[in-house]
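Asks: Protein chains in written order, with the working numbering: chain A, 1 to 263; chain B, 264 to 524; chain C, 525 to 743. For every residue, glycine included, the Cβ atom is placed at its ideal position computed from N, Cα and C. Dumping the structure here so I can ask a few things about it.
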Amino acid sequence: MKKLTVLMLIFVLAIGCLTACSQPATEAESDLAYVQDKGALVVGITDFAPMDYKDESGKWIGFDADMATAFAEYLGVEVEFMEIEWDNKIMELDSKALDCVWNGMTLTDEVLNSMECSNAYCDNAQVVVVPVAEADKYQDIDSVSALNFAVESGSAGEIAVNDLGYPCTAVQSQSSALMEVAAGTADACVIDLLMAGAMIGEGTSYPDLTHTVALNSEKYGVGFRKGSDLAAELNKFFAEYYADGSMLELAKTYGVQESVIAQ
Amino acid sequence: MSVLEVKNISKSFGETEVLKDVGFTLEKGEVIAIIGSSGSGKTTLLRCLNFLETPDGGQIIVNGETLFDASNRTLCSETDIRKNRLHFGLVFQSFNLFPQYTALGNVKLAGELLAKQRDDYKEQRRQILQDIEEKACELLRQVGLSDKMHLYPHQLSGGQQQRVAIARALALAPDVLCFDEPTSALDPELTGEVLKVIRSLAEKNTTMVIVTHEMQFARDVADKVVFMDDGVVVEAGTPEQVFGNPQQERTIRFLERYSEQ
Amino acid sequence: MFQTVMASLNEGFLKTLEIFVLTLLGAFPLGLIICFGSTSQFRLLKYPVKLIVWCVRGTPLMLQLLIIYYGPGLILGNNWWGNGSSGRFTAAIVAFIINYACYFSEIYRGGIEGVPKGQYEAGQVLGMTKSQIFFKVIFLQVIKRIIPPMGNEIITLVKDTSLARVIAVYEIIWSGQAFIKSSGLIWPLFFTGVYYLLFSGILTLLLGRLEKKLEFFRV
Numbered sequence: 001m002k003k004l005t006v007l008m009l010i011f012v013l014a015i016g017c018l019t020a021c022s023q024p025a026t027e028a029e030s031d032l033a034y035v036q037d038k039g040a041l042v043v044g045i046t047d048f049a050p051m052d053y054k055d056e057s058g059k060w061i062g063f064d065a066d067m068a069t070a071f072a073e074y075l076g077v078e079v080e081f082m083e084i085e086w087d088n089k090i091m092e093l094d095s096k097a098l099d100c101v102w103n104g105m106t107l108t109d110e111v112l113n114s115m116e117c118s119n120a121y122c123d124n125a126q127v128v129v130v131p132v133a134e135a136d137k138y139q140d141i142d143s144v145s146a147l148n149f150a151v152e153s154g155s156a157g158e159i160a161v162n163d164l165g166y167p168c169t170a171v172q173s174q175s176s177a178l179m180e181v182a183a184g185t186a187d188a189c190v191i192d193l194l195m196a197g198a199m200i201g202e203g204t205s206y207p208d209l210t211h212t213v214a215l216n217s218e219k220y221g222v223g224f225r226k227g228s229d230l231a232a233e234l235n236k237f238f239a240e241y242y243a244d245g246s247m248l249e250l251a252k253t254y255g256v257q258e259s260v261i262a263q
Numbered sequence: 264m265s266v267l268e269v270k271n272i273s274k275s276f277g278e279t280e281v282l283k284d285v286g287f288t289l290e291k292g293e294v295i296a297i298i299g300s301s302g303s304g305k306t307t308l309l310r311c312l313n314f315l316e317t318p319d320g321g322q323i324i325v326n327g328e329t330l331f332d333a334s335n336r337t338l339c340s341e342t343d344i345r346k347n348r349l350h351f352g353l354v355f356q357s358f359n360l361f362p363q364y365t366a367l368g369n370v371k372l373a374g375e376l377l378a379k380q381r382d383d384y385k386e387q388r389r390q391i392l393q394d395i396e397e398k399a400c401e402l403l404r405q406v407g408l409s410d411k412m413h414l415y416p417h418q419l420s421g422g423q424q425q426r427v428a429i430a431r432a433l434a435l436a437p438d439v440l441c442f443d444e445p446t447s448a449l450d451p452e453l454t455g456e457v458l459k460v461i462r463s464l465a466e467k468n469t470t471m472v473i474v475t476h477e478m479q480f481a482r483d484v485a486d487k488v489v490f491m492d493d494g495v496v497v498e499a500g501t502p503e504q505v506f507g508n509p510q511q512e513r514t515i516r517f518l519e520r521y522s523e524q
Numbered sequence: 525m526f527q528t529v530m531a532s533l534n535e536g537f538l539k540t541l542e543i544f545v546l547t548l549l550g551a552f553p554l555g556l557i558i559c560f561g562s563t564s565q566f567r568l569l570k571y572p573v574k575l576i577v578w579c580v581r582g583t584p585l586m587l588q589l590l591i592i593y594y595g596p597g598l599i600l601g602n603n604w605w606g607n608g609s610s611g612r613f614t615a616a617i618v619a620f621i622i623n624y625a626c627y628f629s630e631i632y633r634g635g636i637e638g639v640p641k642g643q644y645e646a647g648q649v650l651g652m653t654k655s656q657i658f659f660k661v662i663f664l665q666v667i668k669r670i671i672p673p674m675g676n677e678i679i680t681l682v683k684d685t686s687l688a689r690v691i692a693v694y695e696i697i698w699s700g701q702a703f704i705k706s707s708g709l710i711w712p713l714f715f716t717g718v719y720y721l722l723f724s725g726i727l728t729l730l731l732g733r734l735e736k737k738l739e740f741f742r743v
């Protein structure tokens with residue numbers, strides 16, 4: 001029995017060491033070469049209209065998806081979209097299961113620290129969602145201070161609420177946060193403005209919800225593996241794509257032209 | 264020539280010496296009863312005979328053929344042991360019938376498996392299986408269970424189960440049939456039917472080694488009685504000698520304890 | 525809309541079913557091998573196997589899925605599962621098989637150790653070989669003993685398949701949840717429960733029937 005205990009201890013320590021050693025190694029070789037070599041750019045997304053969503057034939061479209069396709073073309077490779085569990089995005093990148101995440105991602109400090117990010121290309125805001133019936137009461141930041149918020153764990157919304165020092169519960173996704181409000185288990189939630197536009201109001205499962213205050217404004221960017229040279233490559237592409245007017249034209253297709261940031 | 268000669272068997276489990284220099288002989292058609300208190304080594308001796316334990320010393324000789332010799336381990340391969348076991352049958356204290364087979368199935372199983380090794384099994388299959396079945400039915404009739412052949416063990420009483428076990432042990436026609444306290448796990452009212460079957464076997468001159476606590480039964484049915492204590496044979500002789508005129512102090516005390524109960 | 529949802533849920537359920545069937549096909553035999561390893565007399569085999577079983581049973585399946593899929597890429601710098609959904613599916617199956625094989629091995633062990641020693645000895649004194657004793661005497665008794673605990677694990681597996689979504693294997697819960705994000709519909713997610721109930725109901729019936737089949741004897 002004693003031997004077994006010692007064995008277990010050694011094993012736990014060994015796992016600890018292994019985990020400690022597995023901090024993402026800085027890529028010595030070029031990520032650009034790696035992607036061009038295998039001939040495909042694997043883009044991590046979630047179903048997030050109007051940035052990434054499926055058309056009737058099941059093809060991924062949206063402002064982000066179309067731009068990712070154009071970027072892959074610019075690199076001379078195929079584009080592959082992979083719907084992922086958003087919490088795992090950094091592991092997905094570091095384990096090379098993905099090459100980038102391009103999904104209306106807010107550039108927070110955490111994101112900038114853990115990924116190699118492109119320049120910002122789109123503006124966004126975090127908005128408070130409340131039942132329509134009570135919307136009148138909550139039209140400025142001070143009025144919502146006593147509400148019990150639901151936010152997506154690790155999202156820009158959570159950071160915004162925490163910065164204000166308001167009480168909040170972190171849930172698995174923005175859609176779970178909405179469900180909390182609809183079910184009455186939370187007074188309000190904080191989600192992306194672009195997402196709120198698509199998911200609440202008439203014709204959805206949440207016709208009785210609406211968004212009111214914007215807590216902060218923020219910017220969207222594209223994330224790559226830490227140290228990747230693809231981020232710089234994308235910035236070059238953005239510059240060209242904006243300069244010839246393609247980016248604005250695409251933005252108009254999806255109704256986000258007012259949010260586009262000049263490159 | 265004796266059917267069975269057991270010479271100088273000794274066996275230890277770790278530090279404990281369970282059998283010390285035990286020996287006896289058995290002639291064809293004889294019944295030997297081994298008596299003694301629990302922990303005296305009787306059951307271990309029986310298990311040695313059936314190769315469920317390997318003795319540390321001594322020899323086991325059947326019909327003049329040495330089956331086991333502690334000084335010559337070449338006889339101990341698994342195939343040899345399996346062949347040697349067929350000279351013996353063993354009836355367990357707790358029956359150990361196979362629960363998923365009927366009474367008939369239990370009696371037939373070993374014979375059917377053994378028959379598969381015969382060269383003529385393929386051509387004669389039907390005939391061989393029929394013979395085995397007839398033999399098994401006959402054995403079950405002998406133990407008085409003709410009408411219970413197709414019942415499963417859990418549908419039988421303890422006494423009936425033990426009688427099936429006896430038929431099963433007889434199915435391969437062993438030279439020596441061993442009993443390990445065959446009635447100890449039975450309710451008192453059920454021991455009679457089992458003892459009756461063993462008695463009838465003795466009348467048919469079946470060679471048997473019986474480890475038992477039933478003193479009256481041992482006295483009636485045995486040709487020889489061996490009294491064991493603390494791993495050694497204390498006294499051996501005819502029932503009249505051992506029960507009627509014991510010579511050793513330990514035998515006298517043991518028998519006194521029994522008659523008091 | 526209803527038809528779109530049903531088509532999508534059916535597709536997700538097919539994936540759930542694939543995970544379920546492949547896991548059982550792999551875990552039944554692997555569990556037996558692990559069981560022989562953990563009950564082996566050979567210490568160099570026994571203790572490592574026991575260590576693995578302890579690790580697998582002592583950590584959540586969700587964590588194992590993450591480690592098995594992301595581990596090679598993160599630790600060895602080589603994502604050997606490849607990109608795309610087939611790699612994810614393979615990794616999920618591997619994780620499920622290992623996890624369930626370890627649980628099954630313990631069930632097998634209990635079943636085998638539960639058969640009284642006298643059953644082996646009765647076979648031995650009748651001159652039967654080791655394999656004859658195992659297949660003709662022990663095997664069916666073990667099966668009868670393990671069906672109830674095995675049934676519990678199998679029903680648990682039905683529900684555990686939903687964990688595959690953490691590495692983006694699109695099983696039925698994923699399909700149901702997708703409608704919340706894309707169309708703001710909640711009911712498809714809740715409706716997946718009907719699939720689970722029907723499926724586990726059918727399995728319960730089948731297991732009950734098997735149990736009944738072995739009722740002719742008692743152990």
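Is it true that the CB of A/Gln263 sits closer than 8 angstroms to the CB of A/Ala239?
Replies: For A/Ala239 and A/Gln263, yes; Cβs fall inside 8 angstroms.
Asks: Look at the alpha carbon of B/Asp284 and the alpha carbon of B/Asp383, and state the distance between them as a whole number of angstroms.
Replies: Looking at the two C-alpha atoms, the distance is approximately 44 angstroms.
Asks: Of all Cβ atoms in chain C, is any one closer than 8 angstroms to the Cβ of A/Met115?
Replies: Output row for A/Met115: interface = no.
Asks: Hey, does C/Gln643 have any beta-carbon neighbour from chain B nearer than 8 angstroms?
Replies: Yes, C/Gln643 counts as interfacial toward chain B.
Asks: For the candidate residues B/Asn369, B/Gln363 and B/Glu375, whose alpha-carbon lies nearest to that of C/Ile667?
Replies: Comparing Cα positions, the closest option is B/Gln363.
Asks: My guess is that B/Leu360 and B/Pro416 are in contact by the Cβ rule of under 8 angstroms, so how many angstroms apart are they, rounded?
Replies: At roughly 4 angstroms, the Cβ-Cβ gap stays under 8 angstroms, so B/Leu360 and B/Pro416 are in contact.
Asks: Would you mind telling me which residues of chain A sit closer than 9 angstroms to C/Asn746, beta carbon to beta carbon, in chain order?
Replies: Outside the displayed span of chain C (525 to 743) sits residue 746 of chain C, for which this structure offers no information.
Asks: Who are the neighbours of B/Tyr415 on chain C, taking C-beta pairs under 9 angstroms?
Replies: Ordered by position in chain C, the residues that pass the 9 angstroms Cβ test against B/Tyr415 are Phe740, Phe741 and Arg742.
Asks: Strictly under 8 angstroms for the Cβ-Cβ distance: is C/Ile696 near chain A by that measure?
Replies: Closer than 8 angstroms: no.
Asks: Per DSSP, which one or two residues make a beta bridge with B/Val460?
Replies: Note: B/Val460 sits in no beta bridge, so no partner.
Asks: To the nearest angstrom, report how far apart C/Ser724 and C/Asn623 are at their CA atoms.
Replies: If you take the alpha carbons of C/Ser724 and C/Asn623, they lie about 20 angstroms apart.
Asks: When the Cα atoms are used, what is the spatial distance from A/Ala25 to A/Gly227?
Replies: Confidence is the limiting factor: at A/Ala25 the pLDDT is only 45, short of 50, which leaves the residue's position unreliable, though a coordinate-based value still follows. Going by the C-alpha atoms only, they are around 9 angstroms apart.
Asks: Mind listing the chain B neighbours of C/Lys474? Cutoff is C-beta to C-beta under 7 angstroms, in chain order.
Replies: In the structure as shown, chain C starts at 525 and stops at 743, and residue 474 of chain C therefore has no counterpart that could be examined.
Asks: Under 8 angstroms between the Cβ atoms of B/Gly478 and B/Phe442?
Replies: For the sequence presented, residue 478 of chain B should be read as Met rather than Gly. For B/Met478 and B/Phe442, no; Cβs fall outside 8 angstroms.
Asks: Identify whether B/Ala434 lies in helix, strand or coil by the three-state DSSP scheme.
Replies: In the structure shown, B/Ala434 sits in coil (DSSP, three-state: anything other than H, G, I, E or B).
Asks: Enumerate in chain order the residues of its own chain whose CB-to-CB distance from A/Ala120 is below 7 angstroms, with the five nearest sequence positions on each side excluded.
Replies: So the list reads Leu107, Lys219, Tyr220, Gly221 and Ile261, once near-sequence residues are dropped.
Asks: Going by the beta-carbon positions, is the gap between B/Ala366 and B/Leu440 smaller than 8 angstroms?
Replies: No, the pair does not count as a contact, with Cβ atoms beyond the cut-off.
Asks: What first and last residue would you give for the alpha helix (DSSP H) that runs through C/Gly597?
Replies: Looking at the DSSP string, the run of the alpha helix (DSSP H) that includes C/Gly597 is Leu585 to Ile599.
Asks: Name, please, each residue of chain C whose Cβ falls closer than 8 angstroms to the Cβ of A/Asp47.
Replies: In chain order: Ala702, Lys705 and Ser706.
Asks: Okay, do the segment 612-619 of chain C and the segment 637-647 of chain C touch, 3+ Cβ pairs below 8 angstroms being the bar?
Replies: No, because fewer than three Cβ pairs between the segment 612-619 of chain C and the segment 637-647 of chain C fall closer than 8 angstroms, the two stretches do not touch.
Asks: Taking 8 angstroms as the CB-CB cut-off, is A/Thr204 touching chain C?
Replies: It does; some Cβ of chain C falls within 8 angstroms.
Asks: Check A/Leu41 in the structure and name its three-state DSSP category.
Replies: In the structure shown, A/Leu41 sits in a strand (DSSP, three-state: E or B).
Asks: Run through the segment 333-411 of chain B for me and flag every whole beta strand (DSSP E) of 3 or more residues, listed as ranges in chain order.
Replies: Whole beta strand (DSSP E) segments, 3+ residues: 351-354.
Asks: Would you tell me roughly how many angstroms separate the C-alpha atoms of C/Arg742 and B/Val370, rounded to the nearest one?
Replies: When rounded, the distance between both Cα atoms is 18 angstroms.
Asks: Are there 16 or more other CB atoms within 10 angstroms of the CB of A/Lys59, so buried, or fewer, so exposed?
Replies: Exposed, because fewer than 16 other Cβ atoms sit within 10 Å of the Cβ of A/Lys59.
Asks: Does the structure place the segment 580-598 of chain C close enough to the segment 90-102 of chain A that three or more beta carbon pairs sit under 8 angstroms?
Replies: Taking 8 angstroms as the limit for Cβ pairs, the verdict is that the segment 580-598 of chain C does touch the segment 90-102 of chain A.
Asks: Could you tell me which chain A residues have their CB closer than 7 angstroms to the CB of C/Ala692, listed as they occur along the chain?
Replies: Going along chain A in sequence order, the residues near C/Ala692 (Cβ under 7 angstroms) are Met82, Glu83, Ile84 and Glu85.
Asks: Indicate whether at least one CB of chain A lies closer than 8 angstroms to the CB of C/Ile710.
Replies: So, interface residue.
Asks: Based on Cα-Cα distance, which residue from B/Leu419, B/Gln423, B/Ala296 and B/Val281 lies nearest to B/Thr475?
Replies: The residue with the shortest Cα to Cα distance from B/Thr475 is B/Ala296.
Asks: Consider the Cβ of A/Ser22: report whether some Cβ of chain C lies at a distance smaller than 8 angstroms.
Replies: The pLDDT assigned to A/Ser22 is 47, lower than 50, so where the model puts this residue is not dependable, and the model offers no usable value.
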